[in-house]
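Trainee: Sharing a structure below in structure tokens format, with a few things to ask.
2 protein chains.
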Amino acid sequence: MSSFGKIASLRHPVAINLADRPSASACEDCGARHLGLCDALSDEELVFLSSAAHRMTLPTGRLFLEEGDAAQFFYNVNSGTVRLFKALPDGRRQITGFAGPGHFIGLAATDMNVVSAETMEPVQLCRFSRAGMRAMFEEYPALERKLLDVAMHELVLSQQQMLLLGRKTALERIASFLLSWAQRQENCNTGKLPRPNAKLTLPLSRTDLADYLGLTIETVSRSLSALKKEGLIEIPNIHEVVLLRPQALENIAEAAN
Amino acid sequence: MSSFGKIASLRHPVAINLADRPSASACEDCGARHLGLCDALSDEELVFLSSAAHRMTLPTGRLFLEEGDAAQFFYNVNSGTVRLFKALPDGRRQITGFAGPGHFIGLAATDMNVVSAETMEPVQLCRFSRAGMRAMFEEYPALERKLLDVAMHELVLSQQQMLLLGRKTALERIASFLLSWAQRQENCNTGKLPRPNAKLTLPLSRTDLADYLGLTIETVSRSLSALKKEGLIEIPNIHEVVLLRPQALENIAEAAN
DNA sequence: GGATCGCACTGATCCATATCAAAAGCAGCA
DNA sequence: TGCTGCTTTTGATATGGATCAGTGCGATCC
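Line by line, the protein sequences are chains A and B.
Counting from 1, one number per residue, gives the positions in the first sequence under full-length UniProt numbering.
Counting from 1, one number per residue, gives the positions in the second sequence under full-length UniProt numbering.
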């Protein structure tokens, strides 16, 4: 099997399709190869890992990991989107992140899960036993290296999110979110501003958005309307946003003045 | 040299005193050994790593790592406390965490630092070159394993903090903070509630507290006063808090009702 | 002991966002 | 085509915490 170019950083979501390696191909959005782990491992190692994984397909709205439960497994998403969240007894909910193709779920756990995970669309996953994780690391240090990269990248994102939740206004949160989501889907996190008129697809409901940004759905809706009225974005339908003036959004998001 | 008991999880801060191993001893607060990395490495490996580290001492209020700068080094704290934060151009600040003895700083970076770091008291650190990190990992996989544990634990904490910042009220934030700080210093993060009348030492100013909890100093002050008036805490002086009724604090913190 | 300075606390007011209420859009379905 | 139920948007009002404005208080210095 041919070798693939090294992936320099984790700006692009790291994908492993352990149970289905032939499906690894150029990303239709950005052209990069979502190989991640596969890239770091020999064929022999891959065979081993594939056998350790269980491939599953889940329908929309399935809660497959619950905060407080024993952490038996960790997962790697192959397709679809998953929301990760924590909740308070009275129902208040904070979404801590979204996991798309290539993302890992359930790494940041001790013996219990610290977040819940629920599918937002039909989702394909590879499931790994946490118990066997240590043993896998012993045999395949490359796996561990990749996971360390992933964890450190997650940490960077969560620090950004803390700034957003702790100190930004509603409008700034929405602007920040639109840009970061564009990064995520359009330029594969190159750090560049999306081009004008970039079209975003949001699999999220307004409720998800509110729970991710620490706002209410009404405030989310009003802020989006405000950006629309100012001519910075267009909203053709609920699940699409067009970024007419990304630079202006960036100025709002980073409170540049 | 004698071998030390395995450290089962990362609930206890992981300390490495690479440049000064003899100082590793039983924690006066909890009796556990703050060995962390040392525990995972052989003496021979330790000697290598010690030579890779530069030991430094910094005075109070020293900004030694700035967001946006090239990420040359990462650090391990030996003594003292460091605040990690992100700031917006207009001066708003969000503290993303505090690093005490045994904590790592600068791991979650790509080629640039994503947070700034500033000492809150006189601090002793070991400094490592990031450039040499990969090479160190090749030679000493145990180092990587430990860092993965650390990163995953940080992730757990930051998810908790997102819930706090996005969804909790001022009073809930203060109560949550007091309990988590107690965990940190008193029972070495065993997950248990601190005992009644546990005394906390806060090296933080009210401004730090506000910037960590996403509040203003006035609200922090008012919330602490409210808890005092209700008889849940006592505040002998600015840098000390006595938790008279931890269970009641927990009820507030987790919105149990 | 008194003056000065930097924080912390407390009170009064304001405002950004939450909450409450209703209308509008939209998908599924008979 | 219209009915039903759900989500989103928009409008009116309420409120938690921010902002503004003192006051208090302990440390340092003379």
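Cβ coordinates follow ideal geometry from the N, Cα and C atoms, glycine included.
Values in this document were obtained by computation on a predicted structure and should not be read as measured data.
Considering only residues of the same chain and omitting the five flanking positions on each side of alanine 87 (chain A), which have a CB-CB separation below 8 Å?
Mentor: As a first step, residue 87 (chain A) is located in the first sequence; it is residue number 87 there, counting from the start. Excluding residues up to 5 positions away in sequence, Glu67, Arg93, Gln94 and Ser116 lie with their Cβ nearer than 8 Å to the Cβ of alanine 87 (chain A) in the same chain.
Trainee: Alpha carbon to alpha carbon, what distance is there between glycine 102 (chain A) and alanine 170 (chain B)?
Mentor: Here the question's residue 170 (chain B) lines up with position 170 in the second sequence. Here the question's residue 102 (chain A) lines up with position 102 in the first sequence. If you take the alpha carbons of alanine 170 (chain B) and glycine 102 (chain A), they lie about 37 Å apart.
Trainee: Report the option in B:Phe128, B:Thr96, B:Arg130 and B:Thr201 whose CA atom is closest to the CA atom of isoleucine 235 (chain B).
Mentor: For the purposes of this step, residue 235 (chain B) is taken as the residue at position 235 of the second sequence. That would be B:Thr201, whose Cα lies nearest to the Cα of isoleucine 235 (chain B).
Trainee: At which residues does the alpha helix (DSSP H) containing glutamate 250 (chain B) begin and terminate?
Mentor: On the second sequence, position 250 is the one that residue 250 (chain B) refers to. Residues 246-253.
Trainee: Any idea if histidine 239 (chain B) is buried or exposed, counting beta-carbon neighbours within 10 angstroms, 16 or more meaning buried?
Mentor: Mapped onto the second sequence, residue 239 (chain B) falls at position 239. Result: exposed.
Trainee: Suppose the cutoff is 8 Å on Cβ atoms and the five residues either side in sequence are ignored; what does the same chain contact list for glutamine 72 (chain B) look like?
Mentor: Translated into the one-based positions of the second sequence, residue 72 (chain B) becomes position 72. Closer than 8 Å at the Cβ level, and outside the excluded window around glutamine 72 (chain B), lie Ser129, Arg130 and Ala131.
Trainee: Given a threshold of 16 other Cβ atoms within 10 Å of its Cβ, counted over all protein chains shown, does glutamine 161 (chain B) qualify as buried or as exposed?
Mentor: On the second sequence, residue 161 (chain B) is found 161 positions in, with the first residue counted as 1. That one is buried.
Trainee: Mind pulling the chain A residues with CB within less than 7 Å of glutamine 94 (chain B)?
Mentor: Locating residue 94 (chain B) in the second sequence gives position 94, where the first residue counts as 1. Met162, Leu163, Gly166 and Arg167, listed in chain order.
Trainee: When the distance is taken between beta carbons, is arginine 145 (chain A) closer than 8 Å to phenylalanine 137 (chain B)?
Mentor: For the purposes of this step, residue 137 (chain B) is taken as residue 137 along the second sequence, with counting starting at 1. For the purposes of this step, residue 145 (chain A) is taken as residue 145 along the first sequence, with counting starting at 1. Yes, these two residues count as a Cβ contact at 8 Å.
Trainee: Would the beta-carbon of glutamine 183 (chain A) fall within 8 Å of that of valine 114 (chain B)?
Mentor: Looking up residue 183 (chain A) in the first sequence gives position 183. Looking up residue 114 (chain B) in the second sequence gives position 114. No, the pair does not count as a contact, with Cβ atoms beyond the cut-off.
Trainee: Against chain B, which members of the segment 67-88 of chain A pass a CB distance test of less than 7 Å?
Mentor: Lys86 and Leu88
Trainee: Please confirm whether leucine 148 (chain B) has its beta-carbon closer than 8 Å to some beta-carbon of chain A.
Mentor: Reading the second sequence from its first residue, position 148 is the one you call residue 148 (chain B). At least one chain A Cβ lies under 8 Å of leucine 148 (chain B).
Trainee: Report the partner residues of glutamate 240 (chain B) according to the DSSP bridge assignment.
Mentor: Residue numbering aside, residue 240 (chain B) sits at position 240 when the second sequence is read from its first letter. For glutamate 240 (chain B), which the question treats as bridged, DSSP gives the partners B:Thr201 and B:Asn237.
Trainee: Looking only at its own chain, which residues have a Cβ that is under 8 Å from the Cβ of phenylalanine 98 (chain B), when we skip the five neighbours before and after it?
Mentor: Taking the first residue of the second sequence as 1, we reach residue 98 (chain B) at position 98. Close CB contacts of phenylalanine 98 (chain B) within its chain, under the 8 Å cut and outside five residues either way in sequence, are with Thr81, Val82, Arg83, Leu84, Met120, Leu204 and Tyr212 (chain order).
Trainee: Provide the residue(s) that pair with glutamine 160 (chain A) in DSSP beta bridges, ordered along the chain.
Mentor: Sequence index remark: in the first sequence, residue 160 (chain A) carries index 160 (1-based). Glutamine 160 (chain A) pairs with nothing; no bridge assigned.
Trainee: Out of A:Glu118, A:Ala248, A:Thr216 and A:Tyr140, point me to the one whose CA is closest to glycine 100 (chain A)'s CA.
Mentor: Position 100 of the first sequence, counted from the start, is the residue given in the question as residue 100 (chain A). Cα-wise, what sits closest to glycine 100 (chain A) is A:Glu118.
Trainee: As a quick exercise: from B:Pro59, B:Ala109 and B:Lys228, pick the residue whose alpha carbon is nearest that of methionine 152 (chain A).
Mentor: Stepping through the first sequence from its first residue, residue 152 (chain A) is reached at position 152. Among B:Pro59, B:Ala109 and B:Lys228, the Cα nearest to that of methionine 152 (chain A) is on B:Ala109.
Trainee: Name the residue from B:Pro59, B:Gly61, B:Phe74 and B:Ser221 whose alpha carbon lies nearest to the alpha carbon of asparagine 237 (chain B).
Mentor: Here residue 237 (chain B) refers to the residue found at position 237 when the second sequence is read from its first residue. Of B:Pro59, B:Gly61, B:Phe74 and B:Ser221, the residue nearest in Cα terms is B:Ser221.
Trainee: Any idea what DSSP makes of methionine 112 (chain A), helix, strand or coil?
Mentor: As a position in the first sequence, residue 112 (chain A) is number 112, starting the count at 1. Taken through DSSP and simplified to helix, strand or coil, methionine 112 (chain A) comes out as strand.
Trainee: Does any residue of chain A have a CB that is nearer than 8 Å to the CB of isoleucine 7 (chain B)?
Mentor: Within the second sequence, residue 7 (chain B) is the residue found at index 7, counting from 1. With a pLDDT of 24 at isoleucine 7 (chain B), under the threshold of 50, the modelled position of that residue is not reliable, and no figure is offered here.
Trainee: My output table needs one value for glutamate 125 (chain B): the three-state DSSP class, helix, strand or coil.
Mentor: As a first step, residue 125 (chain B) must be located in the second sequence, where it is residue number 125. What sits at residue 125 (chain B) in the sequence shown is leucine, not glutamate. Looking at leucine 125 (chain B) - three-state DSSP - the assignment turns out to be strand.
Trainee: I'd like to confirm the pairing. Which residues does DSSP put opposite lysine 86 (chain B) in its beta bridges?
Mentor: Position 86 of the second sequence, counted from the start, is the residue given in the question as residue 86 (chain B). Lysine 86 (chain B) is bridged by DSSP to B:Gln94.
Trainee: If we ignore side chains and look at the alpha-carbon of each, how far apart do valine 77 (chain A) and leucine 165 (chain A) end up?
Mentor: Residue numbering aside, residue 77 (chain A) sits at position 77 when the first sequence is read from its first letter. Residue numbering aside, residue 165 (chain A) sits at position 165 when the first sequence is read from its first letter. The straight-line gap from Cα to Cα measures roughly 26 Å.
Trainee: Can you pull the chain A residues whose beta carbon is under 7 Å from the beta carbon of alanine 256 (chain B), in chain order?
Mentor: Translated into positions along the second sequence, residue 256 (chain B) becomes position 256. The contacting residues are Pro89.
Trainee: Pull the bridge partners of alanine 117 (chain B) from the DSSP assignment, please.
Mentor: Stepping through the second sequence from its first residue, residue 117 (chain B) is reached at position 117. In DSSP, alanine 117 (chain B) forms a bridge with B:Leu65 and B:Leu84.
Trainee: Do leucine 178 (chain B) and leucine 243 (chain B) count as a contact pair if the criterion is CB distance below 8 Å?
Mentor: Taking the first residue of the second sequence as 1, we reach residue 243 (chain B) at position 243. Taking the first residue of the second sequence as 1, we reach residue 178 (chain B) at position 178. Result yes, Cβ atoms of leucine 243 (chain B) and leucine 178 (chain B) sit closer than 8 Å.
Trainee: Does methionine 152 (chain B) have its Cβ less than 8 Å from a Cβ in chain A?
Mentor: For the purposes of this step, residue 152 (chain B) is taken as residue 152 along the second sequence, with counting starting at 1. It does; some Cβ of chain A falls within 8 Å.
Trainee: For glutamate 144 (chain B), would you say it is in contact with chain A, using Cβ-to-Cβ distances shorter than 8 Å as the test?
Mentor: Residue 144 (chain B) sits at position 144 when you count from the first residue of the second sequence. Chain A, which has a Cβ nearer than 8 Å to the Cβ of glutamate 144 (chain B), makes this yes.
Trainee: Please tell me whether valine 150 (chain B) and leucine 58 (chain B) are closer than 8 Å, where the distance is taken between their beta carbons.
Mentor: Taking the first residue of the second sequence as 1, we reach residue 150 (chain B) at position 150. Taking the first residue of the second sequence as 1, we reach residue 58 (chain B) at position 58. No, Cβ-Cβ distance for valine 150 (chain B) and leucine 58 (chain B) is not below 8 Å.
Trainee: Could you have a look at leucine 232 (chain A) and say whether DSSP puts it in helix, strand or coil?
Mentor: One-based indexing of the first sequence puts residue 232 (chain A) at position 232. Coil at leucine 232 (chain A), not helix or strand.
Trainee: Answer yes or no: does any C-beta atom of chain A fall closer than 8 Å to that of glycine 214 (chain B)?
Mentor: As a working note, residue 214 (chain B) is residue 214 in the second sequence. By this cut-off, glycine 214 (chain B) is an interface position.
Trainee: For chain B, check one thing: does any of its Cβ atoms lie closer than 8 Å to the Cβ of valine 220 (chain A)?
Mentor: Taking the first residue of the first sequence as 1, we reach residue 220 (chain A) at position 220. So no, valine 220 (chain A) is outside the interface.
Trainee: Going straight from the alpha carbon of isoleucine 174 (chain A) to that of leucine 224 (chain A), what length do you get?
Mentor: To locate residue 174 (chain A), count along the first sequence from 1; it is residue 174. To locate residue 224 (chain A), count along the first sequence from 1; it is residue 224. Isoleucine 174 (chain A) and leucine 224 (chain A): Cα-Cα distance of roughly 7 Å.
Trainee: Tell whether a beta-carbon distance below 8 Å holds between leucine 163 (chain B) and leucine 107 (chain B).
Mentor: For the purposes of this step, residue 163 (chain B) is taken as residue 163 along the second sequence, with counting starting at 1. For the purposes of this step, residue 107 (chain B) is taken as residue 107 along the second sequence, with counting starting at 1. No, these two residues do not count as a Cβ contact at 8 Å.
Trainee: What does the alpha-carbon distance come out to for the pair methionine 112 (chain B) and leucine 157 (chain B)?
Mentor: Working through the second sequence from its first residue, we reach residue 112 (chain B) at position 112. Working through the second sequence from its first residue, we reach residue 157 (chain B) at position 157. Methionine 112 (chain B) and leucine 157 (chain B): Cα-Cα distance of roughly 23 Å.
Trainee: With H, G and I counted as helix, E and B as strand and the rest as coil, what does DSSP make of threonine 219 (chain B)?
Mentor: By one-based count along the second sequence, residue 219 (chain B) stands at place 219. DSSP places threonine 219 (chain B) within a helical segment (H, G or I) once states are collapsed to three.
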